[in-house]
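J.: Handing you a structure now.
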Amino acid sequence: MLKIKVANFFLFHIIAIAAGLFPSRSQAWSYADFISCNDLNPNPIISLKVSYGKLVHDSATPYQQIQSLTPQNQEKCPLTSGLAIAPIKFEINLKREKTVEKTPNAICVFAQNIEVLLYYEDPAIYISNEYNYKSCHFSQVLRHFQTHQQINKVSFELALPFIYKAIRESFGNLKAYKAHNNEEVGQASQKLLEYYTAQVATIVNKFEKIRQEKNKKFDELAQKDFLENVCKEYHQYHKDVPVFKDAVQLPIPF
49 MLKIKVANFF LFHIIAIAAG LFPSRSQAWS YADFISCNDL NPNPIISLKV SYGKLVHDSA
109 TPYQQIQSLT PQNQEKCPLT SGLAIAPIKF EINLKREKTV EKTPNAICVF AQNIEVLLYY
169 EDPAIYISNE YNYKSCHFSQ VLRHFQTHQQ INKVSFELAL PFIYKAIRES FGNLKAYKAH
229 NNEEVGQASQ KLLEYYTAQV ATIVNKFEKI RQEKNKKFDE LAQKDFLENV CKEYHQYHKD
289 VPVFKDAVQL PIPF
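For what it's worth, the working numbering labels the leading residue of the sequence shown as 49, then goes sequentially.
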(Lines of atoms letter the chains of each structure in order from A and count residues from 1; the text may use other names and numbers.)
(Lines give C-alpha, C1' and ligand atoms only; values in the text may rest on other atoms or scores of the structure.)
Protein backbone atom coordinates (compact mmCIF):
# COMPACT_ATOMS: atom_id res chain seq x y z
CA MET A 1 0.00 0.00 0.00
CA LEU A 2 2.85 2.32 0.89
CA LYS A 3 4.47 1.67 -2.46
CA ILE A 4 1.24 2.60 -4.23
CA LYS A 5 0.96 5.86 -2.24
CA VAL A 6 4.59 6.76 -3.01
CA ALA A 7 4.06 5.97 -6.68
CA ASN A 8 0.91 8.08 -6.76
CA PHE A 9 2.80 10.93 -5.02
CA PHE A 10 5.53 10.99 -7.65
CA LEU A 11 2.98 10.60 -10.44
CA PHE A 12 1.10 13.61 -9.10
CA HIS A 13 4.27 15.71 -9.03
CA ILE A 14 5.28 14.59 -12.49
CA ILE A 15 1.88 15.67 -13.80
CA ALA A 16 2.14 18.98 -11.92
CA ILE A 17 5.60 19.66 -13.31
CA ALA A 18 4.45 18.74 -16.80
CA ALA A 19 1.46 21.04 -16.42
CA GLY A 20 3.80 23.85 -15.41
CA LEU A 21 6.11 23.34 -18.36
CA PHE A 22 3.37 22.71 -20.88
CA PRO A 23 0.38 24.87 -19.98
CA SER A 24 -3.00 24.71 -21.66
CA ARG A 25 -3.35 25.89 -25.27
CA SER A 26 -4.91 29.17 -24.19
CA GLN A 27 -1.76 30.03 -22.22
CA ALA A 28 0.84 28.13 -24.22
CA TRP A 29 4.01 29.91 -25.19
CA SER A 30 4.77 30.19 -28.85
CA TYR A 31 7.96 29.02 -30.46
CA ALA A 32 7.83 32.24 -32.49
CA ASP A 33 8.49 34.24 -29.30
CA PHE A 34 11.99 32.78 -29.16
CA ILE A 35 12.86 33.56 -32.76
CA SER A 36 15.08 36.62 -33.29
CA CYS A 37 15.07 38.90 -36.31
CA ASN A 38 18.33 40.59 -35.36
CA ASP A 39 20.49 38.63 -37.80
CA LEU A 40 18.60 39.73 -40.91
CA ASN A 41 19.47 43.40 -41.37
CA PRO A 42 22.22 44.52 -38.97
CA ASN A 43 23.28 47.52 -41.09
CA PRO A 44 20.52 49.29 -43.02
CA ILE A 45 21.71 51.77 -45.64
CA ILE A 46 21.11 55.26 -44.24
CA SER A 47 21.28 58.36 -46.43
CA LEU A 48 21.28 61.78 -44.77
CA LYS A 49 20.21 64.70 -46.95
CA VAL A 50 20.56 68.21 -45.57
CA SER A 51 19.57 71.71 -46.59
CA TYR A 52 20.07 75.12 -45.04
CA GLY A 53 17.20 76.55 -47.04
CA LYS A 54 16.94 79.89 -48.83
CA LEU A 55 17.60 82.77 -46.45
CA VAL A 56 15.07 85.63 -46.72
CA HIS A 57 15.66 89.22 -45.56
CA ASP A 58 12.50 91.04 -44.46
CA SER A 59 12.58 94.75 -43.67
CA ALA A 60 8.87 95.37 -44.28
CA THR A 61 7.51 93.97 -41.01
CA PRO A 62 6.68 96.41 -38.16
CA TYR A 63 8.32 96.08 -34.77
CA GLN A 64 5.22 94.88 -32.94
CA GLN A 65 4.60 92.15 -35.48
CA ILE A 66 8.21 90.95 -35.19
CA GLN A 67 7.71 90.59 -31.45
CA SER A 68 4.77 88.27 -32.08
CA LEU A 69 6.96 86.07 -34.32
CA THR A 70 9.57 85.47 -31.64
CA PRO A 71 9.59 81.77 -30.63
CA GLN A 72 8.82 81.20 -26.95
CA ASN A 73 11.92 79.09 -26.35
CA GLN A 74 14.32 81.42 -28.16
CA GLU A 75 17.21 82.84 -26.17
CA LYS A 76 16.96 86.49 -25.19
CA CYS A 77 18.70 88.82 -27.60
CA PRO A 78 20.00 92.30 -26.69
CA LEU A 79 18.46 93.60 -29.93
CA THR A 80 14.68 93.41 -29.94
CA SER A 81 14.15 95.36 -33.16
CA GLY A 82 15.06 92.39 -35.33
CA LEU A 83 14.86 88.63 -35.39
CA ALA A 84 16.62 85.61 -36.88
CA ILE A 85 14.60 82.43 -37.25
CA ALA A 86 15.74 79.05 -38.55
CA PRO A 87 13.55 76.24 -37.20
CA ILE A 88 15.17 72.85 -37.76
CA LYS A 89 12.98 70.08 -39.16
CA PHE A 90 13.42 66.49 -40.25
CA GLU A 91 11.64 63.82 -42.25
CA ILE A 92 12.22 60.06 -42.45
CA ASN A 93 11.40 57.93 -45.48
CA LEU A 94 11.61 54.15 -45.49
CA LYS A 95 12.77 53.71 -49.08
CA ARG A 96 12.91 49.91 -49.14
CA GLU A 97 11.33 47.41 -46.80
CA LYS A 98 11.61 43.64 -46.70
CA THR A 99 9.57 40.88 -45.07
CA VAL A 100 10.99 37.50 -44.13
CA GLU A 101 8.75 34.73 -42.79
CA LYS A 102 10.74 32.49 -40.44
CA THR A 103 7.67 30.59 -39.24
CA PRO A 104 3.95 31.17 -39.82
CA ASN A 105 3.91 33.07 -36.51
CA ALA A 106 7.27 34.83 -36.76
CA ILE A 107 7.54 37.34 -39.57
CA CYS A 108 10.47 39.77 -39.67
CA VAL A 109 9.93 43.19 -41.21
CA PHE A 110 12.79 45.65 -41.63
CA ALA A 111 13.96 48.64 -43.65
CA GLN A 112 16.93 48.08 -45.92
CA ASN A 113 17.20 51.72 -47.05
CA ILE A 114 16.33 54.70 -44.86
CA GLU A 115 16.40 58.32 -46.00
CA VAL A 116 16.65 61.10 -43.42
CA LEU A 117 15.99 64.69 -44.49
CA LEU A 118 17.36 67.34 -42.12
CA TYR A 119 16.89 71.02 -42.89
CA TYR A 120 16.24 74.55 -41.71
CA GLU A 121 12.70 75.53 -42.66
CA ASP A 122 12.32 79.01 -44.17
CA PRO A 123 15.28 80.74 -42.45
CA ALA A 124 14.71 84.48 -42.28
CA ILE A 125 16.05 87.75 -40.94
CA TYR A 126 13.62 90.46 -39.87
CA ILE A 127 14.54 94.13 -39.41
CA SER A 128 11.90 96.49 -38.06
CA ASN A 129 10.12 98.42 -40.76
CA GLU A 130 10.36 101.64 -38.73
CA TYR A 131 14.09 102.11 -39.38
CA ASN A 132 15.47 104.33 -42.08
CA TYR A 133 17.51 101.85 -44.14
CA LYS A 134 20.41 104.35 -44.33
CA SER A 135 20.71 104.62 -40.56
CA CYS A 136 23.39 103.01 -38.40
CA HIS A 137 20.68 101.23 -36.43
CA PHE A 138 19.39 99.46 -39.52
CA SER A 139 22.92 98.32 -40.45
CA GLN A 140 23.73 97.14 -36.93
CA VAL A 141 20.51 95.17 -36.57
CA LEU A 142 20.96 93.61 -39.98
CA ARG A 143 24.57 92.64 -39.30
CA HIS A 144 23.74 91.29 -35.86
CA PHE A 145 21.12 88.87 -37.13
CA GLN A 146 23.16 87.95 -40.18
CA THR A 147 25.80 86.76 -37.72
CA HIS A 148 23.17 84.72 -35.87
CA GLN A 149 22.25 83.01 -39.13
CA GLN A 150 25.91 82.42 -39.90
CA ILE A 151 26.24 80.74 -36.50
CA ASN A 152 23.21 78.59 -37.31
CA LYS A 153 24.70 77.57 -40.65
CA VAL A 154 28.23 76.84 -39.41
CA SER A 155 27.09 74.97 -36.30
CA PHE A 156 24.82 72.87 -38.54
CA GLU A 157 27.69 72.02 -40.90
CA LEU A 158 30.10 71.17 -38.09
CA ALA A 159 27.56 68.99 -36.32
CA LEU A 160 26.54 66.93 -39.36
CA PRO A 161 29.23 64.20 -39.05
CA PHE A 162 28.27 63.67 -35.40
CA ILE A 163 24.55 63.75 -36.20
CA TYR A 164 25.02 61.15 -38.92
CA LYS A 165 27.08 58.92 -36.60
CA ALA A 166 24.45 59.18 -33.86
CA ILE A 167 21.66 58.32 -36.33
CA ARG A 168 23.54 55.26 -37.59
CA GLU A 169 24.17 53.97 -34.09
CA SER A 170 20.62 54.53 -32.87
CA PHE A 171 19.03 53.04 -35.99
CA GLY A 172 21.28 49.99 -35.66
CA ASN A 173 19.73 49.16 -32.29
CA LEU A 174 16.50 48.08 -34.00
CA LYS A 175 17.38 45.31 -36.43
CA ALA A 176 13.83 44.47 -37.44
CA TYR A 177 10.26 44.48 -36.26
CA LYS A 178 8.86 41.04 -35.47
CA ALA A 179 5.22 40.41 -36.32
CA HIS A 180 3.20 37.40 -35.25
CA ASN A 181 0.54 37.65 -37.95
CA ASN A 182 -0.39 39.48 -41.15
CA GLU A 183 -2.23 42.17 -39.24
CA GLU A 184 0.94 43.08 -37.36
CA VAL A 185 2.89 43.01 -40.62
CA GLY A 186 0.58 45.73 -41.88
CA GLN A 187 1.49 47.84 -38.85
CA ALA A 188 5.21 47.21 -39.13
CA SER A 189 6.05 50.27 -41.23
CA GLN A 190 4.39 52.55 -38.71
CA LYS A 191 6.20 50.86 -35.82
CA LEU A 192 9.56 51.22 -37.56
CA LEU A 193 8.86 54.86 -38.44
CA GLU A 194 7.84 55.68 -34.86
CA TYR A 195 11.09 54.23 -33.53
CA TYR A 196 13.29 56.06 -36.05
CA THR A 197 11.40 59.32 -35.52
CA ALA A 198 11.90 59.16 -31.75
CA GLN A 199 15.63 58.56 -32.20
CA VAL A 200 16.14 61.46 -34.63
CA ALA A 201 14.03 63.79 -32.48
CA THR A 202 16.31 63.13 -29.50
CA ILE A 203 19.42 63.82 -31.59
CA VAL A 204 17.97 67.00 -33.11
CA ASN A 205 16.94 68.31 -29.68
CA LYS A 206 20.50 67.86 -28.42
CA PHE A 207 21.85 69.78 -31.41
CA GLU A 208 19.25 72.52 -30.88
CA LYS A 209 20.51 73.09 -27.33
CA ILE A 210 24.09 73.39 -28.62
CA ARG A 211 23.02 75.85 -31.32
CA GLN A 212 21.15 78.03 -28.85
CA GLU A 213 24.15 78.06 -26.55
CA LYS A 214 26.40 79.29 -29.39
CA ASN A 215 23.96 82.09 -30.22
CA LYS A 216 23.72 83.04 -26.56
CA LYS A 217 27.50 83.39 -26.31
CA PHE A 218 27.50 85.70 -29.33
CA ASP A 219 24.82 87.88 -27.73
CA GLU A 220 26.93 88.13 -24.59
CA LEU A 221 29.77 89.53 -26.70
CA ALA A 222 27.54 91.93 -28.63
CA GLN A 223 25.98 93.84 -25.77
CA LYS A 224 23.13 96.22 -26.48
CA ASP A 225 24.77 99.23 -24.86
CA PHE A 226 27.87 98.79 -27.05
CA LEU A 227 25.76 98.74 -30.19
CA GLU A 228 23.78 101.77 -29.06
CA ASN A 229 26.98 103.71 -28.39
CA VAL A 230 28.38 102.86 -31.82
CA CYS A 231 25.26 104.22 -33.51
CA LYS A 232 25.10 107.23 -31.22
CA GLU A 233 28.61 108.20 -32.26
CA TYR A 234 27.81 107.59 -35.93
CA HIS A 235 24.78 109.86 -35.92
CA GLN A 236 26.69 112.63 -34.15
CA TYR A 237 28.71 112.95 -37.34
CA HIS A 238 25.83 112.16 -39.72
CA LYS A 239 23.02 114.34 -38.43
CA ASP A 240 21.49 114.40 -41.90
CA VAL A 241 20.70 110.65 -41.66
CA PRO A 242 17.55 110.04 -39.57
CA VAL A 243 17.28 106.89 -37.49
CA PHE A 244 13.60 106.35 -38.25
CA LYS A 245 11.37 106.88 -41.22
CA ASP A 246 9.35 110.07 -41.42
CA ALA A 247 6.09 108.23 -40.75
CA VAL A 248 7.32 106.80 -37.47
CA GLN A 249 5.86 108.69 -34.50
CA LEU A 250 7.07 106.56 -31.59
CA PRO A 251 10.72 105.39 -31.57
CA ILE A 252 11.17 101.66 -31.10
CA PRO A 253 13.61 99.97 -28.72
CA PHE A 254 16.96 99.14 -30.21
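Virtual Cβ for every residue (Gly too), placed ideally from N, Cα, C.
Note that the structure is predicted; figures quoted are calculated from it, not measured.
If you follow the alpha helix (DSSP H) that F210 is part of, which residue opens it and which one closes it?
T.: 184-219
J.: If you drop the 5 nearest sequence neighbours on each side, which residues of the same chain put their C-beta closer than 8 Å to that of T245?
T.: I140
J.: Checking 9 Å against the spacing of the C-beta atoms, do V98 and L206 come in under that value?
T.: no
J.: Express the C-alpha separation of A132 and A108 in angstroms, rounding to a whole number.
T.: 14 Å
J.: On the three-state DSSP scale, how would you describe A224?
T.: The answer is coil: DSSP assigns A224 none of H, G, I, E or B.
J.: Whose C-alpha, out of C125, H228, D170, is nearest the C-alpha of N153?
T.: H228
J.: Looking only at its own chain, which residues have a Cβ that is under 6 Å from the Cβ of E169, when we skip the five neighbours before and after it?
T.: P135, K137
J.: Leaving out the 5 sequence neighbours to the left and right, which residues in its chain are closer than 8 Å to F292 when beta-carbon positions are compared?
T.: E178, Y179, N180, S183, P299, I300
J.: Is it a yes or a no for the region 91-106 touching the region 212-223, going by three-plus beta-carbon pairs under 8 Å?
T.: Look at the beta carbons and you see the region 91-106 touching the region 212-223: at least three pairs across the two are nearer than 8 Å.
J.: May I ask which residues mark the beginning and end of the alpha helix (DSSP H) holding K239?
T.: 230-269
J.: Would you identify the three-state DSSP class for D273, choosing helix, strand or coil?
T.: helix
J.: Taking the C-alpha atoms as reference points, what is the distance between H286 and D273?
T.: 20 Å
J.: Hey, Q160 and P92 are a contact pair by Cβ (cut 8 Å); roughly how many whole angstroms apart?
T.: The C-beta distance from Q160 to P92 rounds to 6 Å, short enough to meet the 8 Å contact threshold.
J.: Look at the alpha carbon of T13 and the alpha carbon of Q247, and state the distance between them as a whole number of angstroms.
T.: Residue 13 lies beyond the stretch modelled for the chain, which goes from 49 to 302, so this question has no answer here.
J.: If you follow the alpha helix (DSSP H) that I114 is in, where does it begin and where does it stop?
T.: 111-117
J.: Contact check, S176 vs P110 under 8 Å by CB: the rounded distance?
T.: 7 Å
J.: Between L222, I251, I173, T250, which has its C-alpha nearest S237's C-alpha?
T.: L222
J.: Are N253 and I199 closer than 9 Å when you measure CB to CB?
T.: no
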